[in-house]
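Data first, discussion second: the structure below is written as structure tokens.
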Amino acid sequence: MMIGKELNDINIRMPEDAYDIGNHVPTFNAYLIAVVKDSEGKIIKVHKQKSHSPTANFIGLFLPLSYFSTNNVSFTITNVTGGTCTYKPGLGGSPQDIAYPNTAYNHNTYIVMIQVGSGQQSNPYTATALAAPIANGSGAGQLVYQPVTPPSTITINGNTAYFYITQTYNNLSGGTITITEVGIILELQVTTYTNTASTNCGNILVWYDVLSSPISVPNAGSVTIYYTFVVNP
Amino acid sequence: MVTPDLVSGEDIAKLIIPDDLPDGQPTLTAYIEAKIYDKEGHVIQYHRQPMRSPTQWLLALMAIPLIGTYSSSSSNQAPSFLVNVLGLPSQVNSYLFESYNSANISWDFSIQLGSGTQAFNPTLNSLAAPIANGSGAGQLSYGTVTVTYSGTTIYTYVTVINYSSTTINVTEIGLMATIYVQFQNSNNAYQVNKYTYLLTYDTFSPAITLPPGAIATFKVAISFSG
């Protein structure tokens, strides 16, 4: 019996016959949409593209307990400044899991922003920060970041279900700002439930895309980014 | 101006789920694989098919690493998404003693097999006829779940054995998730709240057949890179 060997026989690539093609629509998609407005609030460009790019940080956080327990491994989270922290969730008093709101001691883990940038990098999976983040402000080369709006629910229409995250940026810099990269930044803190140990992993990049074409935001204009995640579109 | 201004929710919906992008691989692809061995270890059936039916719960679980567990940097409440969609508490009542104690969240995957079928909808949260864990009639003995990953692909495996004296037909499969919220409760006792969700649902046609003594390995692979 070679069951164990079968379990170790990991396919590195998705087998060709497992792709959902032919008569079936894709089962899951993510989209990156950007709506650019001029100084009068008129839409001057709508940018649409598919998003394909969870980062290694996202995959590490999405992995279930069984991965960590049966393999006795941890995952190294890398934050936007290059710092690292060890993530090894579990049940019981010792493991440090993602903090959860409570009436005692809190370690806030929350979406910080959809960050935009003017650089690019070829491998989104290994990206831990934007190549050239555009700072929040009204100086040259900066954009004023409005608060990020996380989803409050999932919208269902037939077999389609989706949610989206959105954020708007105003250009008060005095010149045109060009965006070429976008990413979702999460502030991550892990803790034991007894609070005997906790770690602030800092800001981490969990989703990253290079735009298929640059977006130019005119002076006094704005751009709104929508990240949409949808099943059975 | 290339389009009129966005004035309604319908406009937004059309915008954020575009139908005019070129076809291509979806962001997530997934497949299910089953290998069945007889009692002597010979492969007697091999089956692989695309996974076609992610539920809203997969989306919801994915949202946690994207939006986090707190509604902001200064709030001690969970995002309304976690409350409204996943049914998680906005806050747990941790034992307060010199501000000691906290709370945390984690999740695990499992594979559930079933012998029924049902129409898919994204709110499904269970199989039509789950096959119970055991050695009795109509039952399968579920082994430990194994999870591995490579790049953006996550593989979940389970091996089941038919210890019963009759053949068992598997016609449905679901990737399940259990979320754990653990904390020291107001009575200063350890408490873990569990919430279970069906992440994906698919059916087998024809059925996967497990004769008495058969061993089967089921694998669900989900790839976020398309």
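As given, the protein sequences belong to chains Y and V, one line each in that order. For the first sequence, this note's numbering begins at 9 and goes up steadily by one. For the second sequence, this note's numbering begins at 16 and goes up steadily by one. We put the beta carbon where it would ideally sit given N, CA and C, even for glycine.
Could you tell me which residues DSSP pairs with Y234/Y in its beta bridges?
-> Answer is I41/Y, T174/Y.
How is I185/Y classed by DSSP in three states: helix, strand or coil?
-> strand
Give a yes or no on whether 8 angstroms exceeds the smallest Cβ distance from P222/Y to chain V.
-> no
Does the ligand ATP have a heavy atom nearer than 7 angstroms to the CB of I79/V?
-> Questions concerning the ligand ATP fall outside what the structure shown contains, since it holds no ligand whatsoever.
D123/V: contacting residues in chain Y (beta-carbon distance under 7 angstroms) = At a beta-carbon threshold of 7 angstroms, the residues of chain Y lying near D123/V are P72, L73, S74, ordered along the chain.
Buried/exposed call for V124/Y, threshold 16 Cβ in 10 Å = buried
For a contact meaning CB atoms closer than 9 angstroms, what does S230/Y contact in chain V?
-> Within 9 angstroms of the CB of S230/Y, no CB atom of chain V is found; the nearest one sits about 12 angstroms away.
Contact list for I187/Y against chain V, beta-carbon separation under 8 angstroms = Neighbours of I187/Y on chain V: none; closest Cβ ~17 angstroms, over 8 angstroms.
Can you tell me which of the three DSSP states L69/Y falls into?
-> helix
Nearest residue (CA-CA) to H55/Y, options Y201/Y, Y153/Y, P222/Y | P222/Y
Between the C-alpha atoms of V214/Y and A64/Y, what's the straight-line distance to the nearest angstrom?
-> 7 angstroms
Could you pull out every residue in the same chain whose Cβ sits closer than 7 angstroms to the Cβ of T204/Y, ignoring the five residues on either side in sequence?
-> Closer than 7 angstroms at the Cβ level, and outside the excluded window around T204/Y, lies no residue.
Whole beta strand (DSSP E) runs in the stretch 33 to 103 of chain V with 3 or more residues, listed along the chain?
-> Within the stretch 33 to 103 of chain V, complete beta strand (DSSP E) segments of at least 3 residues are found at 44 to 52, 58 to 65, given in chain order.
So, are the CB atoms of I47/V and I188/V less than 8 angstroms apart?
-> yes
If P72/Y sits next to A93/V, beta carbons under 8 angstroms apart, how far is it from one beta carbon to the other, in whole angstroms?
-> Not quite, the Cβ-Cβ distance comes to about 20 angstroms (not below 8 angstroms), so this is no contact.
Please state whether DSSP places L30/V in a helix, a strand or coil.
-> Helix at L30/V.
With a Cβ-Cβ cutoff of 8 angstroms, do S150/V and N184/V count as a contact?
-> no
For A152/V, collect the residues of the same chain with a Cβ closer than 7 angstroms to its Cβ; drop the 5 residues on either side in sequence, then sort them by chain order.
-> Once the five neighbours on either side are set aside, the close Cβ partners of A152/V are S179, T181.
What are the complete beta strand (DSSP E) segments, minimum 3 residues, inside the stretch 94 to 161 of chain Y?
-> 105 to 107, 118 to 125
CA-CA distance, N91/V and E195/Y?
-> 14 angstroms
Label F112/V either buried or exposed according to how many other C-beta atoms from any shown protein chain fall within 10 Å of its C-beta, with 16 as the threshold for buried.
-> exposed
Apart from the five residues on each side of it in sequence, which residues of its chain come closer than 8 angstroms, Cβ to Cβ, to T138/V?
-> Here the set comprises T70, Q71.
Among Y85/V, N177/V, A204/V, T132/V, which residue has its Cα nearest to the Cα of G228/V?
-> N177/V
By the criterion of Cβ-Cβ separation under 7 angstroms, what are the contact partners of T159/V in chain Y?
-> T78
Straight-line Cα distance separating Q197/V from V198/Y | 13 angstroms
Are the C-beta of Q92/V and some C-beta of chain Y separated by less than 8 angstroms?
-> yes
How many whole angstroms separate the CB atoms of L151/Y and E189/Y, which I take to be in contact at a CB cut-off of 8 angstroms?
-> Actually they are not in contact, since the Cβ atoms of L151/Y and E189/Y sit about 13 angstroms apart, beyond 8 angstroms.
Quick one: Cα of N37/Y to Cα of Y170/Y, how far?
-> Counting only the Cα atoms, Y170/Y lies some 10 angstroms from N37/Y.
Where H115/Y meets chain V, residues with beta-carbon distance less than 7 angstroms | S117
With which residues is S125/V paired in a DSSP beta bridge?
-> For S125/V, which the question treats as bridged, DSSP gives the partners M191/V.
In angstroms with no decimal places, state the Cα-to-Cα distance between D123/V and V238/Y.
-> 22 angstroms
Taking one C-beta from the stretch 99 to 108 of chain Y and one from the stretch 192 to 206 of chain V each time, how about it: are there three or more such pairs within less than 8 angstroms?
-> Touching, per the Cβ criterion.
Could one say the Cβ of A135/Y lies closer than 8 angstroms to chain V's Cβ atoms, at least one of them?
-> With 8 angstroms as the cut-off, A135/Y does not count as an interface residue toward chain V.
Alpha-carbon to alpha-carbon, S125/V and V235/V | 10 angstroms
Within its chain, find whatever has a CB closer than 7 angstroms to the CB of A139/Y; leave out the 5 residues flanking it on each side and keep chain order.
-> Result list for A139/Y: G125, G127, Q128, Q129, E189, in chain order.
Coil, strand or helix - N211/Y by DSSP = strand
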